[in-house]
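Line order of the protein sequences matches chains H and E. According to the numbering used here, the first sequence is numbered sequentially starting from 1. According to the numbering used here, the second sequence is numbered sequentially starting from 1001. No residue lacks a Cβ here, since even glycine has one placed at the ideal position from N, Cα and C. Fair warning: this is a prediction, and the values are worked out from it, not measured in the lab.
Protein chains: 2
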Amino acid sequence: MKDCVSVGLLGLGTVGSGVVHMIDSHQKELQQRVGCQVKVAKVLVRDMDKERNVDLDDSVLTQNPDDVINNPDVDVVIEVIGGIDQAKEFILASLNNQKHVVTANKDLMAIHGRELLTAAVENESDLFYEASVAGGIPILRSLVEGLSSDRITKLMGIVNGTTNYILTKMTKNNVPYESVLKEAQDLGFAEADPTADVEGLDAARKMVILGTLGFSMKVGLDDVKVEGITRVDEDDIAYSKKLGYTIKLLGIASSTNGSIELSVQPTLLPSRHPLAAVNDEYNAVYVYGEAVGETMFYGPGAGQLPTATAVVSDLVAVIKNMRLGVNGKSVILPQHERKLKEDEEIKSKHFIRLIVKDEPGAFSKISHLFQDRGLSLEKLIQEPVVNNGTAELVIITHETNQKAFEDVHNRLRDLDVVVEVKSRYRVEGM
Amino acid sequence: MKDCVSVGLLGLGTVGSGVVHMIDSHQKELQQRVGCQVKVAKVLVRDMDKERNVDLDDSVLTQNPDDVINNPDVDVVIEVIGGIDQAKEFILASLNNQKHVVTANKDLMAIHGRELLTAAVENESDLFYEASVAGGIPILRSLVEGLSSDRITKLMGIVNGTTNYILTKMTKNNVPYESVLKEAQDLGFAEADPTADVEGLDAARKMVILGTLGFSMKVGLDDVKVEGITRVDEDDIAYSKKLGYTIKLLGIASSTNGSIELSVQPTLLPSRHPLAAVNDEYNAVYVYGEAVGETMFYGPGAGQLPTATAVVSDLVAVIKNMRLGVNGKSVILPQHERKLKEDEEIKSKHFIRLIVKDEPGAFSKISHLFQDRGLSLEKLIQEPVVNNGTAELVIITHETNQKAFEDVHNRLRDLDVVVEVKSRYRVEGM
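(1) Below 8 Å on C-beta distance, what does M1156/E contact in chain H?
(2) Quick check on DSSP: helix, strand or coil for Y129/H?
(3) Cβ of A1391/E within 8 Å of Cβ of V1418/E?
(4) By the 10 Å Cβ neighbour count, where 16 or more other Cβ atoms means buried, how is S1313/E classified, buried or exposed?
(5) Please report whether the beta-carbon of Y298/H lies at a distance below 8 Å from any beta-carbon of chain E.
(6) What residues from the stretch 1194 to 1227 of chain E come within 7 Å of chain H, judged by C-beta to C-beta, listed N to C?
(7) What in chain E is Cβ-close to L147/H, meaning under 7 Å?
(8) Where does the unbroken beta strand (DSSP E) through K42/H begin, and where does it stop?
(9) Runs of 4 residues minimum, wholly inside the stretch 233 to 314 of chain H: which ones carry the alpha helix (DSSP H) assignment?
(10) Please report whether the beta-carbon of M1022/E lies at a distance below 8 Å from any beta-carbon of chain H.
(11) Measure the CB-CB distance between S255/H and T153/H and report whether it falls below 8 Å.
(12) Say whether chain H places a C-beta atom closer than 8 Å to the C-beta of E1428/E.
(13) If distances are taken between C-alpha atoms only, which option among D73/H, G258/H, G251/H, K169/H comes closest to K341/H?
(14) Using the C-alpha atoms, what's the distance from S6/H back to V38/H?
(15) According to the Cβ coordinates, are V1427/E and S1367/E closer than 8 Å?
(16) Looking at C-beta atoms only, is the number of pairs between the stretch 103 to 113 of chain H and the stretch 77 to 91 of chain H that lie closer than 8 Å three or more?
(17) At a CB-CB cut-off below 9 Å, which residues of chain H make contact with P1384/E?
(18) For A190/H, which residues in the same chain have their Cβ closer than 8 Å to its Cβ, ignoring the five residues on either side in sequence?
(19) Does K1050/E pass the burial test, meaning 16 or more other C-beta atoms within 10 Å, or should it be called exposed?
(20) DSSP state of N123/H, grouped into three classes?
(21) Using a C-beta to C-beta distance shorter than 9 Å, which residues of chain H count as neighbours of T1295/E?
(22) Would you mind working out which of K242/H, P176/H, D407/H, P270/H sits nearest Q382/H, comparing C-alpha positions?
(23) Give the straight-line distance between the Cα atoms of N327/H and K218/H, rounded to the nearest whole angstrom.
(24) Just curious, the beta strand (DSSP E) that M1156/E is in, first and last residue?
(25) If you run the structure through DSSP and keep just helix, strand and coil, what is E89/H?
(26) Is A134/H helix, strand or coil when you go by DSSP?
(27) Given G1013/E, which residues of its chain have a CB within under 6 Å of its CB, disregarding the five upstream and five downstream residues?
(28) So is G113/H in contact with chain E if we call contact Cβ pairs under 8 Å?
(29) For the alpha helix (DSSP H) containing E29/H, name the first residue and the last one.
(30) Under a three-way DSSP split, which group does H398/H fall into?
(31) Taking 8 Å as the CB-CB cut-off, is N279/H touching chain E?
(32) With 8 Å as the C-beta to C-beta threshold (strictly closer), list the residues of the stretch 1025 to 1036 of chain E near chain H in chain order.
(33) Counting Cβ pairs, one atom from each stretch, are 3 or more of them under 8 Å apart for the stretch 1115 to 1130 of chain E and the stretch 278 to 286 of chain H?
(34) Could you compute how far the alpha carbon of L1116/E sits from the alpha carbon of R1338/E?
(35) Could one say the Cβ of L324/H lies closer than 8 Å to chain E's Cβ atoms, at least one of them?
(36) Taking only beta-carbon atoms, is V1125/E less than 8 Å away from chain H?
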């Protein structure tokens, strides 16, 4: 069978090797799907002599990027080197050379996605990036195609595997954050410097991509309110459990009357909610559509072969388009200018955990403050703290807006009977 | 804006009205997606004078099918009348008239899918049927596109909303099947004649469609082993809970070395498994891919607007193909001849619940029988049945093949210390 497509790879790390492996081991099925042979023609590597676990002829490897991005024999460039500036330059050069591009680079797509997609449209090239969000879950394609007729109103995502692994272990074994983080690092589920994961930045990048696509709006990283999981303690988790909730690091993108909210924060979900059953390093995106109602897409958020599956499925889409002569037609540019919700427009329930003086009238003062702001209480637990004259009070409010809750939160801090506000979380998924 | 597509509708019942409503209310977004206006041109109805909750001019309605399927102004025919013979005839006529077809008809696609898809390919027409399986969940598209690069090894589906609703209520409230069925009928979640749902036939049809597509194999309804939920009793559910499991009506399509198994039966899943959290009338399909690992697609399996979302998303795909001139290219015909697994090749754990004589040596005889067949036990509960000299014994085995388990099952029945085999279920999801 004749080659129909030559692929150039930028990078041969974990994901790159996975892509080579899949193109090789699934060649027969790929040929069935696209009607011709798919060949890896050139691969940009940093070190020619490194031991590699892939079956590639030495002549395929190169240290010169031009051998890929300016190679007339290469039809599709797959970018899996990561990073921002160089990857961007390579992708732009490839697109301007009328090559199609598949990338797994969430950082790049979150920051420069619009510019790159515009270049793709101008060159009538495809630029697909399914692997950039939630690894093996075909969520971008589902938003664009499977739910294409519907109006998406809200997306909630567990889109970072490391933090979900940590929170799952904390919940299951009732252990503190630090010890689980260390264990996760030892097992390779967390990086030596875990900042981007545990502070929610990685999740924020993915929410920018999801929000841009879901609401066709020009939003960026600065538009996401981000809070990580480093301050979640095991007592928060224990109280949540008692109240029937599970804590997850949740990315939220929601739209009301043309304004959107983008955020990432530890959030309580009812334990019966499908997202609460997403455990360990798994990811999931929960989609609310006006007509379809609630759907969820679950799967591995990272890993060599899951990510490679997404990359190679994008490659299949590119090749099908090539054979039909319709490349560049399915690239979607965001239509709407950025319009963000005010705090008054962001509505949810809230969890708040207080240390209060264990004295007559304390609870009455607190409940009066809530009532005064029109904020009613749905559930509460009060437990005495042994031997120091304080009690722990945990409250879940009814739905309110962000501003009203902030206001109550600030006033609680100033209240004489409140010793400390230990923690506060958003509550979703009702 | 000029019309680009005229839609003809066969049927204006629940789903048909939902489709008209969505095309109307989402017209602006549809135009953005496809670049032109989408118009409902003709609608076949049974009764012209019936009161309807849709905004359509009377001139659009017709009682003559030819006004739709032979109408030169109609580009796309949407079949939502249901049934088999007439729907098949209408769809074939439409395809032979070079019209594209979208259908929500699972019965038809399960039985005559191959013939209809062949006609579509011959006419270079599109025939899409996303709504036929799991209503609002874009599962067919995900199998064909999102996971196109991977090799699917197993599909497990909760694909019938009625039975999932019944089992959820039985589990939550610990009540018997009959009373929940009645409640479901009163609420409109179950039909007056619930046979097709509760006996697993509806789920079997969907598994035929999923199995055909997932494994590209020519299989039919006769190839599915089907068992419904009518014999699941509340004690089975209670014992399952104690052992950490949840009972679901599960469709299974799995492939090993080119042979496949298709089945539908009540099945125990670990309560922490994502499918165990799929409650009420919701559906989900769990997909195992060789590279991607485990993914799940969750959402409403039926309902007016969820089903209409799938139909209109298919319509969007047809229109995009029309504008690109590539209709008929994405219709997939199954490639492989039918090859089914033998019982020896079907592997799983099993649950079995026995009434045994409460006498010395009884358990030893039973465990000896299992051991004799090489079948080891993973978990068990024994509880005395008050005042009648018998005990209840509940066992979960380690993984074994279907034949070995059947063999043990038959021999248990003949064992003198076994009074009765109360129930037996497959156990999945480890």
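The relevant details are as follows:
(1) Correct list: empty, because the minimum Cβ distance to chain H is about 13 Å.
(2) coil
(3) no
(4) buried
(5) yes
(6) none
(7) P1138, T1309, S1313
(8) 37 to 44
(9) 234 to 242
(10) yes
(11) yes
(12) no
(13) G258/H
(14) 6 Å
(15) no
(16) yes
(17) Within 9 Å Cβ-Cβ: nothing; P1384/E doesn't reach chain H, min ~33 Å.
(18) T162, Y165, I166, L181, A184, D197, V198
(19) exposed
(20) coil
(21) G136, I137, P138, F297, Y298, G299, P300, P306
(22) K242/H
(23) 23 Å
(24) 1152 to 1158
(25) helix
(26) coil
(27) none
(28) no
(29) 27 to 34
(30) coil
(31) yes
(32) H1026, E1029, L1030, Q1032, R1033
(33) no
(34) 18 Å
(35) yes
(36) Residue identity differs from the one stated: residue 1125/E is Ser in this sequence, not Val. It does not; no Cβ of chain H falls within 8 Å.
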